[in-house]
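Peer 1: These protein sequence lines are chains A and B, in that order.
For the first sequence, this note's numbering gives the first residue as -15, with consecutive numbering after it.
For the second sequence, this note's numbering gives the first residue as 110, with consecutive numbering after it.
Below is one structure. I have some questions about it.
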Amino acid sequence: MAELLRQAWAVARKDLLLEFRTRTAIVSAVVFTALVLTVFNFGRDPTAVSTLDLAPTILWVTFTFAAMLALNRAFQLELENQALEGLLVSPLSRTSLYWGKLLANLAFVAVVESVGLPLFVLFFNVPVGRVLLPLVAVIALATVGFVAVGTLFSALVIRTRFAELLLVVLLLPFLVPPLIGAVQVTARLFGDRPLSEAVGYLKLLAAYDIVFVSLASFLFRFTVDE
Amino acid sequence: MSLLHRGRWITLLGLALLAGVYVRALAFTPVERLQGPAQKIYYLHVPAAIWAETAMVLVGLGSIFYLFLKDRRLDRFAAASAEVGTVFAAIVLTTGPIWGKPIWGTWWTWDARLTSTLLLFFLYIGYLLLRGAVRDPALGARYAAVLGICGMCLVPFIHLSVYLFRTLHPQPIILKPSAPSLPGSMLATWLFSLGVFTLLYVGFVIQRYALSLLWEERNGA
C-alpha cells in the first residue's frame, strides 16, 4: 500500500510539475470557469428567478464543465512522444498509475474550484459564510466521484477518433447521480435547511465515490495494456 | 441451418406473435376503468422496459467475463445485447410519451423513471459510439467491456438518485413484493407480451451476433 501511494505520488508529482511549469491548461481552465459564470449571469432574468434558487445549478454546471476540461488533458499529454509507453514500461503498477493520474486531476480540479467558488460568491452574492465548511465537504465528495470516473474514461478515449467529444458524451450520464446529489445538498445548505434532510443524498455521494473509485482502480489496467 | 437464419426465424415468430399481442390486448382484454384505451400501451411499454434494463445487465455480465476469459463470443454477445437494448430503450421512450399525453397531459416530464430510462438510452448510445470510434477490434472490445461494466454499475445509482425525487409514474403492479394487483385476463396478456419480447430479444441478439461473426470472417479478423 505504501509502495502504491509512493508510486502514485511520483506520477502525480510529474503531472503537477509539468502543469506548474507551463500553466497553460490551469490558466485556461480558471478563465473558462470565470467565463461560464459570466455567461450564466446573462442567461438568467434576475427579476423572474431569485439568485438563491438558481445558485446550486450555476455552481454545479460550472464545476462539471471545468472538470471535464481538466480530464481531457490527463492522458492527452502522455500521447506526445509516446510518453504513455514510457510510463507503461517503467516499473510502475497500473493501479498506482491510475491513482497518480487521479490525484493530479483532483489537484487540478481543486485549484479550479477554489478560484471558481469565490468568484461565484462575488458574482451572485450568495451568502456562503455560514455553510462554508459543509459546502466544501460536499464539493469534495462530488468531485472525487466524477473525477474518478473521468480519469478512467479519459484513458479509454485517447486512442479513439474525436477523443474530446467522445469523453463528454460517455461521461455526462455518469455525472448525473453525483450531480443530482450535489445540487440537492447545496440547495439545502443555501436554504438553511437542517442537514438531516440531505442525508440520503450524502449517502448516495459517498456510495458513488466508494464504488467508482474501486471499480476504476480495478478496470484501469484494461484500458492501457497492449 | 445457419445461425443468421435461426435468428431470423425466431424474430419472425416473435413478430407474428407480437401481432397476436396486439389482437389480444385490443380485442380480448378488458378496458381499464380510469385510463381507458390509453392503458393498452402498457402491454408493450413494460415488457420493453424490462428488456431494456436486462440487456444492460447482460452487457455488463458479458463484459466482465470477456475481460477475464478473452473469449470473442462474449464480446460479440455484449455488442449485440447493447444494440438490441438501445432499440428497446427507444421503444420505451416513444411509447411512454404516447401514454403520457392523454393521462398526464404532457409528453415529457422530468420524472424519476423517465429520467432514468433516458439516461440508460444515452448510456447505450455512448457504448455504441465508443465501439465505432476504435479501429482495432481487439482494443475496441476491451474498451467497450470497461464501459459496459461501468454502465452496469451506474444503473442502480441512477435509480437511487432519481428515486429520491417524488415520482408521478405509476408504481409497479406486477413486479412488486406482494401479489400482482391486476385482473387475471390483463395479467395473462401482459405475460404473453413479456414472452414475445423475450423471444424478440433472443431473435435480434442471435441475428446481430451472426452478423458480427460474418463481418469478422469477411475482414479476416
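Glycine is no exception: its CB is placed at the ideal position from the N, C-alpha and C atoms.
This one's a predicted model, so the numbers in the text were calculated from it and none came from an experiment.
Residue 7 (chain A) to residue 320 (chain B), Cα distance in whole Å?
Peer 2: Within the first sequence, numbered from 1, the residue matching residue 7 (chain A) stands at position 23. Within the second sequence, numbered from 1, the residue matching residue 320 (chain B) stands at position 211. Residue 7 (chain A) and residue 320 (chain B): Cα-Cα distance of roughly 50 angstroms.
Peer 1: Judging by CA-CA distance, which residue of B:151, B:260 and B:323 is the nearest neighbour of residue 163 (chain B)?
Peer 2: Residue numbering aside, residue 163 (chain B) sits at position 54 when the second sequence is read from its first letter. When only C-alpha atoms are compared, the closest one is B:260.
Peer 1: For residue 10 (chain A) and chain B, any beta-carbon pair shorter than 9 angstroms?
Peer 2: Start at 1 with the first residue of the first sequence, and residue 10 (chain A) comes out as number 26. Cβ-Cβ to chain B under 9 angstroms: no for residue 10 (chain A).
Peer 1: Determine the closest residue to residue 126 (chain A) out of A:136, A:114, A:108 and A:158, with distance taken between C-alpha atoms.
Peer 2: By one-based count along the first sequence, residue 126 (chain A) stands at place 142. That would be A:158, whose Cα lies nearest to the Cα of residue 126 (chain A).
Peer 1: Per DSSP, which residues does residue 145 (chain B) bridge with? Please list them.
Peer 2: In the second sequence, the residue the question calls residue 145 (chain B) occupies position 36. DSSP, once it has assigned bridges, lists B:141 as partnering residue 145 (chain B).
Peer 1: Helix, strand or coil for residue 148 (chain A) per DSSP?
Peer 2: By 1-based counting over the first sequence, the position of residue 148 (chain A) is 164. Helix.
Peer 1: Which residue marks the beginning of the alpha helix (DSSP H) containing residue 162 (chain B), and which one marks its end?
Peer 2: Locating residue 162 (chain B) in the second sequence gives position 53, counting from the first residue. Here the alpha helix (DSSP H) through residue 162 (chain B) covers 151 to 178.
Peer 1: Taking 9 angstroms as the threshold (C-beta atoms), are residue 200 (chain A) and residue 136 (chain A) in contact?
Peer 2: By one-based count along the first sequence, residue 136 (chain A) stands at place 152. By one-based count along the first sequence, residue 200 (chain A) stands at place 216. Yes, they are a contact pair.
Peer 1: Would you call the segment 179 to 188 of chain B and the segment 237 to 253 of chain B touching, i.e. three or more CB-CB distances under 8 angstroms?
Peer 2: yes
Peer 1: Once DSSP output is grouped into helix, strand and coil, what is the label at residue 328 (chain B)?
Peer 2: Within the second sequence, the letter at position 219 stands for residue 328 (chain B). DSSP places residue 328 (chain B) in coil when its eight states are reduced to three.
Peer 1: With C-beta atoms as the reference, is residue 51 (chain A) less than 9 angstroms away from residue 88 (chain A)?
Peer 2: The residue labelled residue 51 (chain A) in the question sits at position 67 within the first sequence. The residue labelled residue 88 (chain A) in the question sits at position 104 within the first sequence. Not closer than 9 angstroms, so no.
Peer 1: Taking only beta carbons into account, state which residues of the segment 220 to 238 of chain B come closer than 7 angstroms to chain A, listed in chain order.
Peer 2: 228, 231, 232, 235 and 238
Peer 1: Only counting the same chain, and skipping five residues up and downstream in sequence, which positions put a Cβ closer than 6 angstroms to that of residue 161 (chain B)?
Peer 2: Position 52 of the second sequence holds residue 161 (chain B). Only 194, 197, 198 and 201 meet the Cβ criterion.
Peer 1: Would you decide whether residue 64 (chain A) is buried or exposed? Buried here means 16 or more other CB atoms lie within 10 Å of its CB.
Peer 2: In the first sequence, residue 64 (chain A) corresponds to position 80, counting from 1. Counting Cβ neighbours within 10 Å, residue 64 (chain A) comes out exposed, since fewer than 16 surround it.
Peer 1: Given that residue 243 (chain B) touches chain A, what residues does it touch there, using C-beta distances under 8 angstroms?
Peer 2: Indexing the second sequence from 1 puts residue 243 (chain B) at position 134. Within chain A, the residues near residue 243 (chain B) are 143 and 144.
Peer 1: Out of curiosity, what's the CA-to-CA distance linking residue 311 (chain B) and residue 122 (chain B)?
Peer 2: Residue 311 (chain B) sits at position 202 when you count from the first residue of the second sequence. Residue 122 (chain B) sits at position 13 when you count from the first residue of the second sequence. If you take the alpha carbons of residue 311 (chain B) and residue 122 (chain B), they lie about 11 angstroms apart.
Peer 1: In angstroms, rounded to a whole number, what distance separates the CA positions of residue 329 (chain B) and residue 114 (chain B)?
Peer 2: The residue labelled residue 329 (chain B) in the question sits at position 220 within the second sequence. The residue labelled residue 114 (chain B) in the question sits at position 5 within the second sequence. Rounded to whole angstroms, residue 329 (chain B) to residue 114 (chain B) spans 22 angstroms at the Cα level.
Peer 1: Note down, in chain order, every chain A residue with its Cβ under 8 angstroms from the Cβ of residue 255 (chain B).
Peer 2: As a working mapping, residue 255 (chain B) is identified with position 146 in the second sequence. What residue 255 (chain B) touches in chain A: 136, 140, 203, 206 and 207.
Peer 1: Spell out whether any CB of chain B is found under 9 angstroms from the CB atom of residue 165 (chain A).
Peer 2: Taking the first sequence and counting its residues from 1, the one referred to as residue 165 (chain A) is at position 181. Residue-level contact by beta carbon holds for residue 165 (chain A) and chain B, with a gap shorter than 9 angstroms.
Peer 1: Give the interface partners of residue 343 (chain B) over in chain A, defined as CB-CB distance under 7 angstroms, in chain order.
Peer 2: In the structure displayed, chain B extends from 110 to 330; residue 343 (chain B) sits before or after that span and is not available.
Peer 1: Of all the CB atoms in chain C, is at least one closer than 9 angstroms to the CB of residue 184 (chain A)?
Peer 2: Among the chains of the structure shown, chain C does not appear; the protein chains present are A and B.
Peer 1: For a test of the three-state rule: what should DSSP assign to residue 217 (chain B), helix, strand or coil?
Peer 2: As a working mapping, residue 217 (chain B) is identified with position 108 in the second sequence. Coil.
Peer 1: Going by the beta-carbon positions, is the gap between residue 315 (chain B) and residue 116 (chain B) smaller than 9 angstroms?
Peer 2: Taking the first residue of the second sequence as position 1, residue 315 (chain B) is located at position 206. Taking the first residue of the second sequence as position 1, residue 116 (chain B) is located at position 7. Yes, Cβ-Cβ distance for residue 315 (chain B) and residue 116 (chain B) is below 9 angstroms.
Peer 1: I'd like the list of long-range same chain contacts for residue 138 (chain B), defined as Cβ closer than 6 angstroms, with 5 residues on each side in sequence excluded.
Peer 2: Here residue 138 (chain B) refers to the residue found at position 29 when the second sequence is read from its first residue. Cβ neighbours of residue 138 (chain B) within its own chain (closer than 6 angstroms, five residues either side excluded): 294, 295 and 298.
Peer 1: May I ask you to list, following chain order, the residues of the segment 161 to 193 of chain B that have a beta carbon less than 8 angstroms from some beta carbon of chain A?
Peer 2: 176
Peer 1: Hey, is residue 151 (chain B) close to the ligand ADP, as in C-beta under 8 angstroms from one of its heavy atoms?
Peer 2: Within the structure as shown, the ligand ADP is missing, as the structure has no ligands at all.
Peer 1: By alpha-carbon positions, which one of B:140, B:153, B:220 and B:173 ends up nearest to residue 303 (chain B)?
Peer 2: Position 194 of the second sequence holds residue 303 (chain B). For the residues B:140, B:153, B:220 and B:173, the minimum Cα distance to residue 303 (chain B) belongs to B:153.
Peer 1: Closest Cβ-Cβ distance between residue 270 (chain B) and chain A: below 9 angstroms?
Peer 2: One-based indexing of the second sequence puts residue 270 (chain B) at position 161. Using a Cβ-Cβ cut-off of 9 angstroms, residue 270 (chain B) counts as an interface residue toward chain A, since at least one Cβ of chain A sits closer than that to its own.
Peer 1: Using a cut-off of 8 angstroms between C-beta atoms, extract the partners of residue 266 (chain B) located in chain A.
Peer 2: Counting from 1 along the second sequence, the entry for residue 266 (chain B) is found at position 157. Within 8 angstroms Cβ-Cβ: 161, 188, 191, 192 and 195.
Peer 1: Just to make sure I have the definition right: I need the residues of chain B whose C-beta is within less than 8 angstroms of the C-beta of residue 158 (chain A). Which are they?
Peer 2: Along the first sequence, one-based indexing puts residue 158 (chain A) at 174. By Cβ distance, chain B contributes 259 and 263.
Peer 1: Taking C-beta pairs closer than 7 angstroms, name the residues in chain B that residue 45 (chain A) reaches, listed in chain order.
Peer 2: Residue 45 (chain A) sits at position 61 when you count from the first residue of the first sequence. In chain order: nothing, as chain B lies at least about 16 angstroms away.
Peer 1: What is the rounded straight-line gap between the Cα of residue 145 (chain B) and the Cα of residue 306 (chain B)?
Peer 2: Within the second sequence, numbered from 1, the residue matching residue 145 (chain B) stands at position 36. Within the second sequence, numbered from 1, the residue matching residue 306 (chain B) stands at position 197. Rounded to the nearest angstrom, the gap between the Cα atoms of residue 145 (chain B) and residue 306 (chain B) is 24 angstroms.
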